[in-house]
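Input: a single structure, listed below in structure tokens.
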Amino acid sequence: MPSLSPKSAMLQASPIRKLAPLALAAEARGTGVIYLNIGQPDMPTPPEMIAELHGLALDRLAYAPSEGLPRAREAWSAFFASWGIDFSPDEILVTSGASEAVTFALSVVAGGGGEVLVFEPCYTNYLSFAAQADVTLVPVTLRVDDAYHFGSAERLTSCITPNTKAILLCNPSNPTGTVYTETELEAVASVAVEHDLFVICDEVYREFVFDGGQVRSFTRFTDLAERIIVVDSVSKRFNSCGVRIGCMATKNREVLDVTLRFCQARLSVATAEQLMVVPMLEHGRAYSERLGREYQDRRDAVYAGLGRIEGIEPHRSEGSFYTMTRLPITSCEDFAAWLLRDFAHDGETVCLAPGQGFYVTPGLGADEVRIAFMYDALTLRRAMTILSSAVAAYPGRLATATAATSP
Ligand SMILES: Cc1ncc(COP(=O)(O)O)c(C=O)c1O
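Shown next as structure tokens:
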């Protein structure tokens, strides 16, 4: 048989879904599983969106324009304006989710051998997007002890080489829930200017900022407008991951023109889906603000529950709908498998996302897990009780949390 390409070997199987067979087997044995591992919103897609889909008067589903339907681009522009962000329709390209937008952005600014700085732990699929674009991700490692903040520009500058083309920033962050401070955003901005870099801003969780914190879009650096490429999506803010609609927005004409060629090569994005999201884009601000408050209640439930587990100093997520935390366990991958294979508390267990999959640097994150807030607060409280009794019962538990090995 002919061998497959070296690139094929670079794409990892989703670390989040690896445990799925064990979870299914647990359910088959009659053990209930609370899935804390996947960021698939549990709440219904807004009825307005579904009604819009049913009401679409489409008699011919031809290819849409590669850049997106004019109506959809206008709606995205209105959506950005509702958050005080200025992008005209012709500065926006509609994409198949933020996933396609990140892949295009990486390809356009650094594809074919360039380097892009990324804070780790990071969204796992960045690794695969970078592999597809032939981009090397250079990690700036954040520490749980620093609440996954980087603090100063030096952390970034020490990772820059002549081959660095961009900084990829996810704010608020999946998986840590970090909302970068004003000072940190200014540090990113100053490094970008000093080293002539693009900033790819993945702001798919923009509205989910807790504790009365401000939405801190990177687009507020208007003097950097030509360097900024924003990536966005309806998936999380409108509980509609399956719609597969996102966008890329920038004021940089050259980036837009070249990205359009990528868009043209994949012809178009689904017509009905581009249109069904229009009303929510135009009038959905109150909806996503409500969601943000719900996720804060859930964050509170998880944070309080983790705080009651001996050996854990929980990390307090500031936004998105995730948190990452260190456990008093050497291998959370083994622990997550054990939870599904060998453990139940009152007939239930939890499925966790082991931390290692969120790091670019091999070996980091072995004692961390990511927890997604995809159940109501009551269920999450129960999940934390299950986790607490599991940590106490686990044979591989460390004597003290300080023996843990995270950076
Ligand atoms: C940080 C981040 N960026 C991008 C995506 C992909 O979003 P989409 O569903 O729009 O492709 C996700 C999905 O979980 C994400 O967490």
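Taking our numbering, the leading residue of the sequence shown gets 641, the next gets one more, and so forth. Think of the CB as a built atom: it goes at the ideal place given N, C-alpha and C, for glycine as much as any other residue.
Inter-stretch contact (C-beta, 8 Å, three-pair minimum) for the segment 936 to 948 and the segment 1004 to 1024: yes
What is the rounded straight-line gap between the Cα of Thr801 and the Cα of Val831? 12 Å
For Arg1037, write down the residues that DSSP places opposite it in a beta bridge. Ile969
Identify every run of the beta strand (DSSP E) within the segment 1003 to 1034, keeping only runs that are complete inside it and at least 3 residues long; order them along the chain. 1008 to 1012
Going by Cα to Cα distance, which pick from Asn892, Ser739, Ile949, Thr1001 is closest to Phe838? Asn892
Would you decide whether Glu822 is buried or exposed? Buried here means 16 or more other CB atoms lie within 10 Å of its CB. exposed
Run through DSSP, which three-state label would His835 get? coil
Counted within 10 angstroms of its Cβ, other Cβ atoms place Asn803 as buried (16 or more) or exposed: exposed
Exposure label - Ala649; buried when at least 16 CB within 10 Å: exposed
Meets three-Cβ-pair contact criterion under 8 Å: the segment 951 to 971 and the segment 813 to 829: yes
Where Leu946 falls, given that 16 or more other Cβ within 10 Å makes a residue buried: buried
Are the CB atoms of Pro681 and Met920 nearer to each other than 8 Å? no
What separation, rounded to the nearest whole angstrom, lies between the Cα atoms of Leu907 and Asp699? 20 Å
Could you check where the beta strand (DSSP E) with Lys805 kicks off and where it finishes? 804 to 810
Which of helix, strand or coil does DSSP assign to Thr989? strand
Exposure label - Leu809; buried when at least 16 CB within 10 Å: buried
Between Cys903 and ligand 1, is the CB less than 7 Å from at least one heavy atom? no
Among Thr1001, Ser857, Leu1018, which one has its Cα closest to the Cα of Tyr935? Leu1018
Could you name each continuous alpha helix (DSSP H) segment of 4 residues or more that falls completely within the segment 891 to 978, going from the start of the chain to the end? 893 to 905, 911 to 916, 918 to 923, 925 to 947
How far does the beta strand (DSSP E) with Thr781 in it extend, from its first residue to its last? 776 to 781
Using the C-alpha atoms, what's the distance from Gly852 back to Tyr1034? 38 Å
Kindly indicate which three-state DSSP category Ala889 falls into: helix, strand or coil? strand
Counting pairs of Cβ atoms below 8 Å between the segment 909 to 920 and the segment 701 to 711, do you hit three or more? yes
For Val778, I'd like the list of residues in its chain whose CB is within less than 6 Å of its CB, leaving aside the five on either flank, ordered along the chain. Glu755, Leu757, Cys799
Contacting residues, own chain, Cβ-Cβ under 8 Å from Thr1045 (five flanking each side not counted): Any answer about Thr1045 is weak, because its pLDDT of 47 lies below 50 and its placement is not dependable; what the coordinates show is given next. Same-chain partners within the cutoff: Thr970, Ala1006, Asp1007.
How many angstroms separate the CA atom of Glu929 from the CA atom of Leu644? 47 Å
Which class does Asp842 belong to by DSSP, given the choice of helix, strand or coil? strand
In or out: Asp986 buried (at least 16 other Cβ within 10 Å) or exposed? exposed
Beta strand (DSSP E) segment containing Val870, residue limits: 868 to 873
Relative to ligand 1, is the shortest distance from any of its heavy atoms to the C-beta of Val895 smaller than 7 Å? no
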